[in-house]
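Input: a single structure, listed below in structure tokens.
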């Protein structure tokens, strides 16, 4: 089976949401304030790029950068120590990636200071009931709840998300503008994955039952599963722990529900784009270092005897709001640089990124509605990167097809991940752009360390409809109850 034939279908996510009977009554100009309204559907858009297109883009970038042939880079690996051994999950290397989503909220206004804080007009798309909800602050390995935990949503399984969310009704209560989407999920998630290291070795996730820990309280506690056979396949589904259980994902352009939308029963959709490719990393470390001196920050799965570890990333969603009749398009670029430096190092290395812009086909300006960006190693990388230096784009300046684009992780006096980016229209064409990388920690979008400026080359690898396999239908409100309490409408 070719990689292209494995492109996964898009998921429609139905939500079981109760609605007061008034939101189901017939609509007219006179009674639009009664609670009648349109619908909001939710979909997920995985970025499963055709591997051939991405490979051709990387080859083009390597030539533009003057990089040596991959064989030369591989020969150089023989002279590297353990610190130079690293890699990430391949495009088809993640067999399952399961989260438990506690809630999804369209938010009128938030400052993003707390993962689940909506300051104005929260519009709940999905929420667990209080009876279902657990306490993720104390959800730790060894709890009985770990083995009995249910309601996992596997983002790699066709149709799995259909059990989670779907279509809700909006009314005059939701009239106004919205700037973000808040997704709350439990700290723990499950993954079944293979990681390809640059020395040819493969690492496999395992069903670990024993964990390293920094023994801190509450949300400060972190864990790493202990493995004794991390290099032996096949991979197994294992438990991982995130540092928190919620995040605000900002819209690239404000979304507005109007009184006219309510009166006209306009059906909208909220799409959550994400990119799981190269999501899980692996690397070598000094054997025995976790046994003798567990660091404060512990995550992933570790085989300390072999000095090897697997570490997950943090799932980034890019929300897109559009009418159900509109077509969401995906515009993808492959980027590469020779100027990237690892945290705490001044040594430059080669690094790549996949940048995907989402827009609506019916919008003549093709204004960007969302962005996903995932950094990853290429065959010329020589240093392990402790975090993804290009993820989490929050704001863009301009964004139409005609203008150049600045992209940043924050607002205000932020540093720019990409500066002066110019969109291309012909597949295979290339361009250049600059960027800034924070060599150190980042607090509220401000670099605590040194800002390094470097240059990228990028190649346009294609545009496609993001929802090719989906059809949408507005869900008509059920009839109001009769005087006898019958809701059949007959």
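Numbering (our numbering), first residue to last: 42 to 531.
Glycine is no exception: its CB is placed at the ideal position from the N, C-alpha and C atoms.
Alpha carbon to alpha carbon, how far is residue i from residue j?
{"i": "residue 288", "j": "residue 197", "result": "21 Å"}
{"i": "residue 166", "j": "residue 241", "result": "44 Å"}
{"i": "residue 126", "j": "residue 142", "result": "34 Å"}
{"i": "residue 362", "j": "residue 302", "result": "14 Å"}
{"i": "residue 144", "j": "residue 353", "result": "22 Å"}
{"i": "residue 80", "j": "residue 508", "result": "18 Å"}
{"i": "residue 146", "j": "residue 108", "result": "46 Å"}
{"i": "residue 258", "j": "residue 215", "result": "39 Å"}
{"i": "residue 429", "j": "residue 304", "result": "45 Å"}
{"i": "residue 100", "j": "residue 316", "result": "21 Å"}
{"i": "residue 161", "j": "residue 506", "result": "33 Å"}
{"i": "residue 254", "j": "residue 331", "result": "10 Å"}
{"i": "residue 405", "j": "residue 368", "result": "12 Å"}
{"i": "residue 225", "j": "residue 168", "result": "9 Å"}
{"i": "residue 359", "j": "residue 389", "result": "30 Å"}
{"i": "residue 128", "j": "residue 264", "result": "21 Å"}
{"i": "residue 422", "j": "residue 260", "result": "34 Å"}
{"i": "residue 233", "j": "residue 299", "result": "44 Å"}
{"i": "residue 413", "j": "residue 448", "result": "11 Å"}
{"i": "residue 217", "j": "residue 375", "result": "37 Å"}
{"i": "residue 446", "j": "residue 457", "result": "10 Å"}
{"i": "residue 345", "j": "residue 382", "result": "27 Å"}
{"i": "residue 219", "j": "residue 195", "result": "28 Å"}
{"i": "residue 431", "j": "residue 415", "result": "6 Å"}
{"i": "residue 230", "j": "residue 321", "result": "13 Å"}
Can you look up residue i in the DSSP assignment and give me helix, strand or coil?
{"i": "residue 237", "result": "strand"}
{"i": "residue 101", "result": "helix"}
{"i": "residue 214", "result": "helix"}
{"i": "residue 167", "result": "strand"}
{"i": "residue 348", "result": "coil"}
{"i": "residue 303", "result": "helix"}
{"i": "residue 447", "result": "strand"}
{"i": "residue 333", "result": "helix"}
{"i": "residue 469", "result": "coil"}
{"i": "residue 403", "result": "coil"}
{"i": "residue 130", "result": "strand"}
{"i": "residue 95", "result": "helix"}
{"i": "residue 261", "result": "helix"}
{"i": "residue 125", "result": "helix"}
{"i": "residue 492", "result": "strand"}
Return the residue from the list the options that minimises the CA-CA distance to residue i.
{"i": "residue 275", "options": "134, 143 and 392", "result": "134"}
{"i": "residue 463", "options": "456, 360, 474 and 487", "result": "474"}
{"i": "residue 397", "options": "314, 225 and 356", "result": "314"}
{"i": "residue 137", "options": "193, 243 and 381", "result": "193"}
{"i": "residue 411", "options": "158, 290 and 466", "result": "290"}
{"i": "residue 402", "options": "95, 359 and 364", "result": "364"}
{"i": "residue 272", "options": "164, 332, 348 and 334", "result": "348"}
{"i": "residue 250", "options": "78, 266, 211 and 243", "result": "266"}
{"i": "residue 379", "options": "293, 424, 487 and 310", "result": "424"}
{"i": "residue 337", "options": "471, 311 and 256", "result": "256"}
{"i": "residue 295", "options": "222, 140, 491 and 472", "result": "222"}
{"i": "residue 472", "options": "351, 98, 322 and 370", "result": "98"}
{"i": "residue 491", "options": "477, 501, 499 and 500", "result": "477"}
{"i": "residue 466", "options": "373, 339, 228 and 310", "result": "373"}
{"i": "residue 164", "options": "139, 470 and 297", "result": "297"}
{"i": "residue 277", "options": "245, 306, 262 and 269", "result": "245"}
Label residue i either buried or exposed according to how many other C-beta atoms from any shown protein chain fall within 10 Å of its C-beta, with 16 as the threshold for buried.
{"i": "residue 325", "result": "buried"}
{"i": "residue 489", "result": "exposed"}
{"i": "residue 327", "result": "exposed"}
{"i": "residue 42", "result": "Reliability fails at residue 42, whose pLDDT of 30 lies under 50, so the model's placement of it is uncertain and no value is given."}
{"i": "residue 427", "result": "exposed"}
{"i": "residue 279", "result": "buried"}
{"i": "residue 394", "result": "buried"}
{"i": "residue 11", "result": "No statement about residue 11 is possible, as the shown extent of the chain runs from 42 to 531 and does not include it."}
{"i": "residue 235", "result": "buried"}
{"i": "residue 366", "result": "exposed"}
{"i": "residue 329", "result": "exposed"}
{"i": "residue 96", "result": "exposed"}
{"i": "residue 355", "result": "exposed"}
{"i": "residue 500", "result": "buried"}
Assuming residue i and residue j make a contact with CB atoms under 8 Å, what is their CB distance in whole Å?
{"i": "residue 342", "j": "residue 438", "result": "At roughly 40 Å, the Cβ-Cβ gap does not stay under 8 Å, so residue 342 and residue 438 are not in contact."}
{"i": "residue 377", "j": "residue 419", "result": "6 Å"}
{"i": "residue 86", "j": "residue 237", "result": "About 25 Å; that fails the 8 Å criterion."}
{"i": "residue 480", "j": "residue 493", "result": "6 Å"}
{"i": "residue 468", "j": "residue 503", "result": "6 Å"}
May I ask whether a heavy atom of the ligand NAD can be found less than 8 Å away from the beta carbon of residue i?
{"i": "residue 282", "result": "This structure does not include the ligand NAD; it has no bound ligands of any sort."}
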